[in-house]
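Numbering (UniProt numbering), first residue to last: 1 to 320. Structure first, commentary second.
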Amino acid sequence: MPAHLEKLDSSPRSTQRIFDSHAHLVADDQTRYPRNPMKRSPLAPPRPPGVIGLPGGKHGDHPINEIPDVSRMLPWMREAGVEGAVAVQKRMVYRYDNRYILDSSDAHPDTFSAVVILDAEDAGTPDLIRSYIARHDLVGVRLFGGREADGSMPWLDSPRALQAWAVADEHGIVMDIEVLAAGGGGPSVPAIIALARRHPRLRVVLDHMLEPEAEDANFGLDERFEPLAAEPNIYFKFTSINLDLYREAGLPADQALRSAVDLFGADRIMWGSDIGTSSGTYQDMVQRMLAATALLTDAERDAVLYQTGKRVFAKPNARG
């Protein structure tokens, strides 16, 4: 085992159990894990402060951009009381080379679960998913593809993408979705609902709540997002990106989270740090989210901070 992946004690120290559903691991070792940074498409929507970087975000003149190599991530988690995390591939750094998160989850199977990113239009993607499940106990897949000039993303439910969905459904892993468009991911909701209904046993997780626009009394969760509440197999990550969006809009994060829980239920919402992209120290990210749960009941807080993410991202072998 490479020295940088040697096991460390990562037992929690806080009374509130915490599970991080969205951590972008980035290796210090650029020889074994070379970086291949992407440039954002000119067709991509603008990103607000705090939510973009290679790696690390940028907010203000002096952002804190911690690079979450496993050798640091494990002690950060231990110090913050975080029991486990979903290692989500960092596409802007590694594109479709998923080796670092897979190696990390293999080295620390009780701490990390891997969600790979694959090309939705690549004919080899379904077989690659099967291979990752067999060899690495893969917990989820995130598909990406091109963007049209009008902002639409036809890869979301393209014929080849549907083959990948079928494999995820067959093996009981998560289909993790990030769909960004001007004004948030609301325009993609009908397609997402159709896919979730086509695969009712499949757990479909929406990253960053689909980034609803945070500029009204509904905290962006308007009539476009409300239909998602009726779909029991759709789940939501409430991350540092959402906290940044509410901060930039001058809206209280605790009320925003309360509104989301009222709409979708705490058993369908999970916290994700977005470390490796969003700005701030890991401890800061945990503390900001703890503060955002101030209006939740104890049971709701435990669900959002721990139970939902832990349950949804359970590895296939752990589910039996």
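The beta-carbon is built from N, C-alpha and C at its ideal position, and this holds for glycine as well. Remember, predicted model here, so these are calculated numbers, not experimental data.
- Query: Can you tell me whether Gln89 is buried or exposed, with buried defined as 16 or more other CB within 10 angstroms of its CB?
  - Reply: buried
- CA nearest to the CA of Gly276, picked from Asn233, Glu66, Gln30: Glu66
- Message: Could you check whether Val86 and Val115 sit closer than 8 Å to each other, using their CB atoms as the reference points?
- Response: yes
- Task: In the DSSP assignment, find the beta strand (DSSP E) that holds residue 336 and state where it starts and stops.
- Result: Given that the chain is displayed from residue 1 to residue 320, the structure contains no residue 336 and the question cannot be resolved.
- Query: Should Leu221 and Ser278 be called a contact, given that it needs their Cβ atoms to be closer than 8 Å?
  - Reply: No, the pair does not count as a contact, with Cβ atoms beyond the cut-off.
- Query: Where in the region 216–255 do unbroken runs of the alpha helix (DSSP H), each at least 4 residues long, occur, reported from the N-terminal end onward?
  - Reply: 240–249
- Message: Tell me the residue span of the alpha helix (DSSP H) that contains Ala292.
- Response: 282–292
- Sequence-distant residues of the same chain with beta carbon closer than 6 Å to Ala256, five excluded per side: Phe219, Tyr246
- Buried versus exposed call for Tyr306 [16 or more other C-beta atoms within 10 Å across all chains shown]: buried
- Message: Would Leu102 and Pro68 be called neighbours here (beta carbons separated by less than 8 Å)?
- Response: Inclusion of Leu102 and Pro68 in the CB contact set at 8 Å is not warranted, their separation being larger than that value.
- Item | Candidates Ala292, Leu74, Val93, Ile18, of which the one nearest Arg40 by Cα | Val93
- Query: Rounded to a whole number of angstroms, what is the C-alpha to C-alpha distance between Met38 and Leu156?
  - Reply: 20 Å
- Task: Could you pull out every residue in the same chain whose Cβ sits closer than 8 Å to the Cβ of Ala123, ignoring the five residues on either side in sequence?
- Result: Arg160
- Quick one, are the C-beta atoms of Gln287 and Glu79 less than 8 Å apart? Taking 8 Å as the cut-off, the Cβ atoms of Gln287 and Glu79 do not count as close.
- Query: What three-state label does DSSP hand residue 327 in the structure shown?
  - Reply: In the structure as shown, the chain begins at 1 and stops at 320. Residue 327 is therefore absent and cannot be evaluated.
- Query: In the region 109–134, which residue ranges form an unbroken beta strand (DSSP E) of at least 3 residues, counting only runs that do not cross its ends?
  - Reply: 112–119
- Message: Does Pro12 come out as helix, strand or coil in the three-state DSSP assignment?
- Response: Low local confidence applies: a pLDDT of 37 at Pro12 is under 50, so the model's placement there is unreliable, and no value is given.
- Task: State buried or exposed for Gly250, treating a residue as buried only when at least 16 other CB atoms are found within 10 Å of its CB.
- Result: That one is exposed.
- Message: Would Asp176 and Asp127 qualify as a contact pair, given that the criterion is a beta-carbon distance under 8 Å?
- Response: no
- Message: By alpha-carbon positions, which one of Arg203, Gly265, Leu243, Asp216 ends up nearest to Val167?
- Response: In this structure, Arg203 is the residue among Arg203, Gly265, Leu243, Asp216 with its C-alpha nearest to the C-alpha of Val167.
- Item | Boundaries (first-last residue) of the alpha helix (DSSP H) holding Leu195 | 189–198
- Task: Give the C-beta separation of Leu118 and Tyr100 to the nearest angstrom, bearing in mind that I take them to be a contact with Cβ-Cβ under 8 Å.
- Result: In fact, because the Cβ distance is near 15 Å, the residues do not count as touching under 8 Å.
- Item | Within 8 Å, strictly: CB atoms of Val189 and Arg224 | yes
- Message: Our contact map puts Asp262 next to Ile241 with C-beta atoms below 8 Å; I'd like the distance itself, whole angstroms only.
- Response: Between Asp262 and Ile241 a beta carbon distance of about 21 Å is seen, past the 8 Å cut, so the two are scored as non-contacting.
- The beta strand (DSSP E) spanning Trp271 covers which residue range? For Trp271, the enclosing beta strand (DSSP E) has its first and last residue at 269–272.
- Task: Could you tell me the boundaries of the beta strand (DSSP E) in which Leu143 lies?
- Result: 140–144
- Message: Alpha carbons only, please: which of Phe313, Met153, Ala266 is nearest the one belonging to Arg301?
- Response: Ala266
- Please name the residue or residues paired with Phe19 in a DSSP beta bridge. Gly84
- Helix, strand or coil for Val26, going by three-state DSSP, please let me know. coil
- Item | Cβ neighbours of Ser10 in the same chain (closer than 6 Å, five flanking residues each side left out) | Since pLDDT at Ser10 reaches only 37, below the 50 mark, its modelled position is unreliable, and the value read off the structure follows with that caveat. If we look at Ser10 and ignore the five residues flanking it on each side, its Cβ neighbours are Leu74, Met77, Arg78, Thr111.
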